[in-house]
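Undergrad: Straight run, no breaks: the first sequence in the working numbering ends on number 164.
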Amino acid sequence: MNRLDDAFFQRDVLDLAPLLLGKTIVRKFDDSSESRFLITETEAYKGEEDLACHASKGRTPRTEVMYQPGGCLYVYLIYGMYWMLNIVTGEKDNPQAVLIRGLDAVYGPGRLTKKLQIDKSFNGERLQTSERIYLLNNDLKCDYSVAPRVGIDYAGEYWRDVPWRFTLKL
DNA sequence: TGCACGATCTCG
DNA sequence: GAGATCGTGCAT
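Here it is in structure tokens:
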């Protein structure tokens, strides 16, 4: 199994979000133990025109990381208590990201960051070179289903209903 | 300087 | 069904 590199992540978010399903996420902890999970649910957030994407506010200190070349993490706090884990995708200056919503045995984006001990210090971390978090290509072929994204009712009729949530079929 | 609100989850 | 809890963006 090889570590997924920058080139893998630097494709369009709508291509990458389903491709991430079934990939292995590895988290190495300070005590040198490690956890491995399969990614089972993702959501795509695509560019400044996507009203559900934080980059729709434009380039700000918060969204800056989404403008970096694909392959780094975008981590932010929601509801004052949960960290959300996103993988930045696409080319430089093209703000896109995939929200990791679920892993095998860990359901919910807020729960998985707690389990993996992900916090703000991971914002901007590059998956190709990080010592503590990376993804492996396990060549798992899998089918998936699509649905509208969760928790973005404010984004307006069109963006609210776009089927950009991808779930691994068991 | 203040305020409303959110890519969530838990408990009752 | 409501509360926890705080960074962010936008209004003042």
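We put the CB at the ideal spot given by N, CA and C, even for glycine. Only a predicted model underlies this, so the values are computations on that prediction, with no experimental measurement involved.
Please tell me whether LEU(-2) and LEU129 are closer than 8 Å, where the distance is taken between their beta carbons.
TA: Cβ atoms of LEU(-2) and LEU129: closer than 8 Å.
Undergrad: Would you call the segment 23 to 33 in contact with the segment 68 to 84, where contact means no fewer than 3 C-beta pairs closer than 8 Å?
TA: These segments do not touch.
Undergrad: Judging by CA-CA distance, which residue of TYR73, ASP155, THR54 is the nearest neighbour of ARG143?
TA: When each option's Cα is compared against that of ARG143, the closest is ASP155.
Undergrad: Taking the alpha carbon of GLY64 as the reference point, which residue from GLU85, ARG56, SER115, ASP147 has its own alpha carbon closest?
TA: Nearest C-alpha to GLY64: GLU85.
Undergrad: Alpha carbons only, please: which of VAL140, GLN62, PHE23 is nearest the one belonging to GLN4?
TA: Taking only the C-alpha atoms, the option nearest GLN4 is GLN62.
Undergrad: Tell me the DSSP secondary structure of LEU13 in three-state form.
TA: Here LEU13 sits in helix by DSSP.
Undergrad: Could you give the DSSP three-state label for ALA141: helix, strand or coil?
TA: In the structure shown, ALA141 sits in a strand (DSSP, three-state: E or B).
Undergrad: Who does SER26 pair with in a DSSP beta bridge?
TA: SER26 is not bridged to any residue.
Undergrad: Using the C-alpha atoms, what's the distance from ILE19 back to GLY104?
TA: Roughly 16 Å between the two C-alpha positions.
Undergrad: For the segment 97 to 142, which segments carrying the alpha helix (DSSP H) assignment without a break, of at least 4 residues, lie completely within its bounds, in sequence order?
TA: The segment 97 to 142 contains these whole alpha helix (DSSP H) runs: 103 to 109.
Undergrad: Excluding five sequence neighbours on each side, which residues of the same chain lie with their C-beta closer than 8 Å to the C-beta of TYR138?
TA: Counting only Cβ-Cβ distances below 8 Å, and skipping sequence neighbours, we find PRO12, LEU15, PHE160, THR161, LEU162, LYS163.
Undergrad: Quick check on DSSP: helix, strand or coil for TRP153?
TA: Reduced to three states, the DSSP call for TRP153 is helix.
Undergrad: If you draw a straight line from the C-alpha of CYS66 to the C-alpha of GLY118, how long is it?
TA: For CYS66 and GLY118, the distance between alpha carbons rounds to 5 Å.
Undergrad: Short of 8 Å in beta carbon distance, which residues of its chain neighbour LEU134, apart from the five on each side in sequence? Order them along the chain.
TA: The answer, listed in chain order, is GLY16, LYS17, LEU32.
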